[in-house]
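Peer 1: Sending over a structure as structure tokens; questions will come in a sec.
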DNA sequence: CACAGACTTGGATCCATTCCATTTCTTGAA
DNA sequence: TTCAAGAAATGGAATGGATCCAAGTCTGTG
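Protein chains in written order, with my numbering: chain A, 13 to 159; chain B, 13 to 159.
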């Protein structure tokens, strides 16, 4: 089974080996419907759906879902962590210096300097900050992950 | 006066309208010699030079120097803020997921997808995170900066 | 059904950062 | 050189996001 079309939230959870609980389903839905929500906002959204959830449970679930690859965590310098449901595609973010609003942008692959977003969504961009994540030479030659 | 060649640290401070104090000179030198240092490391470096400085003074001075454009603050998600002396040029960073080491990279302007750094310095990059800073449509049409 | 895993409650704790009131110091002018 | 204005530095307290802990309850899942 598992119609290839569009798996339900529950099926997605199961698909990555996580238990399906009301809280997690509500959390996943909340994050996907929301727009780069912070932890508090997510907790509020989940409470709207299932009545109650503790902040700790929210943190726990966010970790689990992020680790499972169902959510992505972004942390614009200067503001608390935010989460989004868009994963898998390589997209970046526009952050407003004034109000902190976050918007998605596709990666400008293939053309232009990386300073230019493929679509600036109406933002007036004054800086592009790029962080390349990976392993430094020393760490990539080390067998295990030492932290 | 002010030989165009290479202004002293003190002259640079004066040049941006800041007072010249031993602490600031030492701090600026420390950051420039160091490699993406954190606040604690900077404080330690300054203490090596001038004997003593409070953490608060370090924060205050870092703010002042950053605002003045003499330093740049970078904040890789998951680690405390770091400061560097390279300003003015548009360069980005390589961050090691394992040890947190930060290295500079020039912007890959003009060629390649932004996923590819101009020189990866030996890092094995698995992700490029781009944050475009600017003002969202709403904020850019607003006369004053409301936060 | 039984159990591992998830959730709750209620702490405590950690860390980076900021705020406060007070004192000290740099600086430019007298 | 002396002085006053105002910026900078100080110690101490406080804030806020995030994490962790332990004990007990609940609940998916095999």
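Note that CB positions come from ideal geometry on N, CA and C, so glycine has one too.
Under 7 angstroms between beta-carbons, which chain A residues line up against residue 140 (chain B)? List them in chain order, please.
Peer 2: Correct list: 142, 144.
Peer 1: Given a threshold of 16 other Cβ atoms within 10 Å of its Cβ, counted over all protein chains shown, does residue 114 (chain A) qualify as buried or as exposed?
Peer 2: So residue 114 (chain A) counts as buried.
Peer 1: Taking the straight line between their C-alpha atoms, what separation do you get for residue 55 (chain B) and residue 73 (chain A)?
Peer 2: When rounded, the distance between both Cα atoms is 38 angstroms.
Peer 1: Does any residue of chain B bring its CB to less than 9 angstroms from the CB of residue 104 (chain A)?
Peer 2: Output row for residue 104 (chain A): interface = yes.
Peer 1: Starting from the beta carbon of residue 117 (chain B), find every residue of chain A whose beta carbon is closer than 9 angstroms, and list them in chain order.
Peer 2: By Cβ distance, chain A contributes 142, 144.
Peer 1: Please return the same chain residues whose Cβ sits closer than 6 angstroms to the Cβ of residue 187 (chain A), not counting the five positions on each side in sequence.
Peer 2: In this structure chain A extends from 13 to 159, so residue 187 (chain A) is not present and cannot be described.
Peer 1: For residue 107 (chain A), decide whether its Cβ has a neighbour in chain B, counting only Cβ atoms nearer than 9 angstroms.
Peer 2: Chain B contact via Cβ: present.
Peer 1: Count the other C-beta atoms from every protein chain shown that fall within 10 angstroms of the C-beta of residue 28 (chain A), then say buried if there are 16 or more, exposed otherwise.
Peer 2: When all chains shown are included, residue 28 (chain A) counts as exposed.
Peer 1: Could you tell me the alpha carbon to alpha carbon distance between residue 117 (chain B) and residue 106 (chain B), rounded to whole angstroms?
Peer 2: Those two C-alpha atoms are separated by around 7 angstroms.
Peer 1: May I have the straight-line CA-CA distance separating residue 143 (chain B) from residue 89 (chain B), to the nearest angstrom?
Peer 2: Rounded to whole angstroms, residue 143 (chain B) to residue 89 (chain B) spans 12 angstroms at the Cα level.
Peer 1: I'd like to know whether the C-beta atoms of residue 57 (chain B) and residue 43 (chain B) end up nearer to each other than 9 angstroms.
Peer 2: Yes, they are a contact pair.
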